[in-house]
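Asks: The structure is given below, and queries will be raised subsequently.
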Amino acid sequence: MVDDEQNILSALRRLLRGEGYRIFTANSGAEGIEVLKTESIDVVMSDQRMPGMSGVDFLRQAKDIQPDCVRIVLSGYTELQAVTSAINDGAIYKFLCKPWDDGHLKANIAEAVERRRMVEENRRLTQELRAKNAQLQVLLAERSGQVQIRSEALGVFHEVLDALPVGVLGIDSEGLIAFCNGMAMKLLDSHAIELGQSADTVLPAELLGSAPYFQAGTTRLRVSRTPLGQHSTSRGRLIALLPPDSLPAAED
Numbered sequence: 001m002v003d004d005e006q007n008i009l010s011a012l013r014r015l016l017r018g019e020g021y022r023i024f025t026a027n028s029g030a031e032g033i034e035v036l037k038t039e040s041i042d043v044v045m046s047d048q049r050m051p052g053m054s055g056v057d058f059l060r061q062a063k064d065i066q067p068d069c070v071r072i073v074l075s076g077y078t079e080l081q082a083v084t085s086a087i088n089d090g091a092i093y094k095f096l097c098k099p100w101d102d103g104h105l106k107a108n109i110a111e112a113v114e115r116r117r118m119v120e121e122n123r124r125l126t127q128e129l130r131a132k133n134a135q136l137q138v139l140l141a142e143r144s145g146q147v148q149i150r151s152e153a154l155g156v157f158h159e160v161l162d163a164l165p166v167g168v169l170g171i172d173s174e175g176l177i178a179f180c181n182g183m184a185m186k187l188l189d190s191h192a193i194e195l196g197q198s199a200d201t202v203l204p205a206e207l208l209g210s211a212p213y214f215q216a217g218t219t220r221l222r223v224s225r226t227p228l229g230q231h232s233t234s235r236g237r238l239i240a241l242l243p244p245d246s247l248p249a250a251e252d
């Protein structure tokens, strides 16, 4: 609180005693500036007409020193015109008149303190949000890198499967075709097999059964059927079409 009249400062201190505030007083704008340089202040309340430095000039400097402190002018009504421009440009939050109503003054000071608390809380939340966003960006970059690696590995895997000299068919747990390499297409003499189709509708019944061999045109092939999910979360089965002189077929 800044006022060149000591009796005003004493009256204000008595009024606010018991409100839980830590109160600093100054008899001039210059003294108030020194307080602001050394103490963290939530609310500054100043008289307007003081020798050496007006309340508006003091509060403009207060804004530069501690931008978040809430600034109030407590002065005679005739001083309102002198502080209007400062109110408009944000140097002053509110103008309160002398003589004051005790209840009204205390309510306005409490409102100003809450305003400062909200500013600090918003800043804290903003900083927390920025920190969380930064963490999220790092996580997304890591996940993106992992996805890229897995995507490249999957591409290599598909390319290897497609280049194998044996036919390979993958059927998922719902009986849909999940993979069919080029050799399987050639051996089955079919270009109509598409991923996502029901295996029952596009593959020969004997291939899906348990017979160890399958006749593909003039070629007799050994059939290997391997259930998936023994070492992974995959479900379904893998069917391999092998030359007849290969290892014995695996049954379901």
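The sequence shown begins at 1 in full-length UniProt numbering and counts up by one.
Here a beta-carbon is modelled for each residue, glycine too, at the ideal position from N, C-alpha and C.
Short of 8 Å in beta carbon distance, which residues of its chain neighbour Ser-40, apart from the five on each side in sequence? Order them along the chain.
Replies: For this step, residue 40 is matched to residue 40 along the sequence shown. Excluding residues within five positions, the ones whose Cβ falls inside 8 Å are Gln-66.
Asks: Is the Cβ-Cβ distance between Val-70 and Gly-55 less than 9 Å?
Replies: Reading the sequence shown from its first residue, position 70 is the one you call residue 70. Reading the sequence shown from its first residue, position 55 is the one you call residue 55. Going by C-beta atoms, Val-70 is not nearer than 9 Å to Gly-55.
Asks: Please state whether DSSP places Ile-193 in a helix, a strand or coil.
Replies: Stepping through the sequence shown from its first residue, residue 193 is reached at position 193. The answer is coil: DSSP assigns Ile-193 none of H, G, I, E or B.
Asks: Going by DSSP in three states, residue 277 sits in which element: helix, strand or coil?
Replies: A question about residue 277 goes unanswered here, because the residues of the chain that appear run from 1 up to 252.
Asks: Just checking, does the segment 195-212 make contact with the segment 221-229 on the three C-beta pairs under 8 Å criterion?
Replies: At 8 Å Cβ cutoff, the stretches touch.
Asks: Between the segment 15-22 and the segment 102-117, do at least 3 Cβ pairs fall closer than 8 Å?
Replies: The segment 15-22 vs the segment 102-117: in contact.
Asks: Mark Val-160 as exposed unless 16 or more other C-beta atoms lie within 10 angstroms of its C-beta, in which case mark it buried.
Replies: Numbered from 1 along the sequence shown, position 160 holds the residue referred to as residue 160. By the 10 Å Cβ count, Val-160 comes out exposed.
Asks: Quick check: what's the CA-CA separation for Ala-249 versus Arg-150?
Replies: The residue given as residue 249 occupies position 249 in the sequence shown. The residue given as residue 150 occupies position 150 in the sequence shown. Confidence at Ala-249 is low in this model, with a pLDDT of 46, below 50, so the placement of that residue should be treated as unreliable; the coordinate-derived value is given next. Going by the C-alpha atoms only, they are around 31 Å apart.
Asks: So Met-183 packs on Leu-164, CB below 8 Å; how close in whole Å?
Replies: Residue mapping note: residue 183 aligns to position 183 of the sequence shown, counting from 1. Residue mapping note: residue 164 aligns to position 164 of the sequence shown, counting from 1. The Cβ separation is near 6 Å, so the contact holds.
Asks: What are the boundary residues of the beta strand (DSSP E) that Leu-96 is part of?
Replies: Numbered from 1 along the sequence shown, position 96 holds the residue referred to as residue 96. Element bounds for Leu-96: 94-98.
Asks: Do Asp-3 and Thr-25 have their C-beta atoms within less than 9 Å of each other?
Replies: Along the sequence shown, one-based indexing puts residue 3 at 3. Along the sequence shown, one-based indexing puts residue 25 at 25. Their beta carbons are under 9 Å apart, which means Asp-3 touches Thr-25 by this criterion.
Asks: If I measure Cβ to Cβ from Ile-33 and keep anything under 8 Å in the same chain, skipping five residues before and after, which residues do I get?
Replies: Locating residue 33 in the sequence shown gives position 33, where the first residue counts as 1. Result list for Ile-33: Phe-58, Gln-61, Ala-62, Ile-65, in chain order.
Asks: Assuming Leu-238 and Leu-228 are in contact, meaning their beta carbons sit under 8 Å apart, how far apart are those beta carbons, in whole angstroms?
Replies: On the sequence shown, residue 238 is found 238 positions in, with the first residue counted as 1. On the sequence shown, residue 228 is found 228 positions in, with the first residue counted as 1. Contact holds; Cβ gap of about 6 Å.
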